[in-house]
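Q:
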Amino acid sequence: AQKVTQAQTEISVVEKEDVTLDCVYETRDTTYYLFWYKQPPSGELVFLIRRNSFDEQNEISGRYSWNFQKSTSSFNFTITASQVVDSAVYFCALGLKTSYDKVIFGPGTSLSVIP
Amino acid sequence: DVKVTQSSRYLVKRTGEKVFLECVQDMDHENMFWYRQDPGLGLRLIYFSYDVKMKEKGDIPEGYSVSREKKERFSLILESASTNQTSMYLCASSFYARTFAIKFGPGTRLTVL
């Protein structure tokens, strides 16, 4: 089965708190890609990060960081010192190279950052 | 600024109507996609196209058809709209040779009454 699970449906934090969004994926493919997208209230999906299955290095970009652990099939996303502008729905996704770029999305986590 | 545009942000239609959702990209992308987004389900692929006049079914094609007569334009057609097709529809495009560099449009929120 190929699936992405985001167990947290909604999260609320107070501004400046750190928050971690969980993502667990399932696939039997050895080559795959993992993504995070942000969907602000305007609706347009914004690409945040792409990792391939052979690169388990964690990544930091400003206040954002990602922890990829193949052993637990997880690709978690942490926002440090959250801001109101971080309020959005965040999607984790799994990319598989088939006849096309197949992307399987998780159900999304709605993050509200309260001032 | 390169972009994917969708003809409407909001659309209200009646049950049984034929509905056209239009998507245009200005990046000369070979691949184009139509997704449907519903709360708790994420995005699900309806159809995709890898070339002009070529199309493939995604995970939930029932009740939908598509048309791609020109490279830059990909249309989603609801032959006879039903209330269970009320949803957010997202168009996307990508280059064939670039892995997963997918650009999304702003979405069309369709309500079928």
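Read top to bottom, the protein sequences are chains P and D. Everything in the first sequence is counted per our numbering, starting at 1 for the first residue and increasing by one. Everything in the second sequence is counted per our numbering, starting at 1 for the first residue and increasing by one. By construction, the Cβ of each residue, glycine as well, lies at the ideal position given by its N, Cα and C atoms. Computed from a prediction, not measured in an experiment: that's the story for all the values here.
1) For a contact defined as C-beta to C-beta under 8 Å, what are the partners of I60/D on chain P?
2) With hydrogens ignored, establish whether the beta-carbon of N76/P is closer than 7 Å to any heavy atom of the ligand ADP.
3) To which residues of the same chain is A93/P closer than 8 Å at the C-beta, ignoring the five residues directly before and after it?
4) Between the Cα of R36/D and the Cα atoms of P61/D, T15/D, G16/D, K18/D, which residue gives the shortest distance?
5) Within the same chain, show all residues whose beta-carbon is closer than 7 Å to that of V66/D, passing over the 5 residues directly before and after it, in chain order.
6) Taking just the CA atoms, how far does V12/D sit from R63/P?
7) What three-state label does DSSP hand V52/D in the structure shown?
8) Could you tell me which chain D residues have their CB closer than 8 Å to the CB of S42/P, listed as they occur along the chain?
9) Nearest CA to the CA of V50/P: which residue from S112/P, E59/P, E44/P?
10) How long is the line joining the alpha carbons of T15/D and L90/D, rounded to whole angstroms?
11) Mind listing, in chain order, the continuous beta strand (DSSP E) runs of no fewer than 3 residues lying wholly within the stretch 11-99 of chain P?
12) I believe E15/P touches V113/P by the beta-carbon criterion, under 8 Å. Please report the beta-carbon distance rounded to the nearest angstrom.
13) Can you pull the chain P residues whose beta carbon is under 8 Å from the beta carbon of I102/D, in chain order?
14) So that I know if they touch, is there some Cβ in chain D lying closer than 8 Å to that of R50/P?
A: In brief:
1) The premise fails here: I60/D is roughly 13 Å from chain P at the closest Cβ pair, so nothing lies under 8 Å.
2) This structure lacks the ligand ADP, and indeed carries no ligand of any kind.
3) Within the same chain, A93/P has close Cβ partners V4, L34, F35, W36, Y37, V103, I104, F105, G106.
4) Its Cα nearest to that of R36/D, the residue P61/D stands out among P61/D, T15/D, G16/D, K18/D.
5) The residues are W34, Y47, S49, K55, F74, S75, L76, I77.
6) Going by the C-alpha atoms only, they are around 40 Å apart.
7) Looking at V52/D - three-state DSSP - the assignment turns out to be coil, as it is neither helix nor strand.
8) Taking the beta carbon of S42/P as reference, the chain D residues within 8 Å of it are P106, listed in sequence order.
9) Looking at the sequence shown, residue 50/P is not Val but Arg. Nearest of S112/P, E59/P, E44/P to R50/P, Cα basis: E59/P.
10) Linking T15/D to L90/D through their CA atoms gives a straight-line distance of about 21 Å.
11) Taking 3 residues as the minimum length, the beta strand (DSSP E) runs contained wholly in the stretch 11-99 of chain P are 19-21, 24-26, 33-39, 46-52, 59-61, 64-69, 74-79, 88-97, in order along the chain.
12) Going by Cβ atoms, the distance from E15/P to V113/P rounds to 6 Å, so yes, they are a contact pair.
13) For the C-beta of I102/D, the chain P residues within less than 8 Å are, from N- to C-terminus, F47, D101, V103.
14) So, interface residue.
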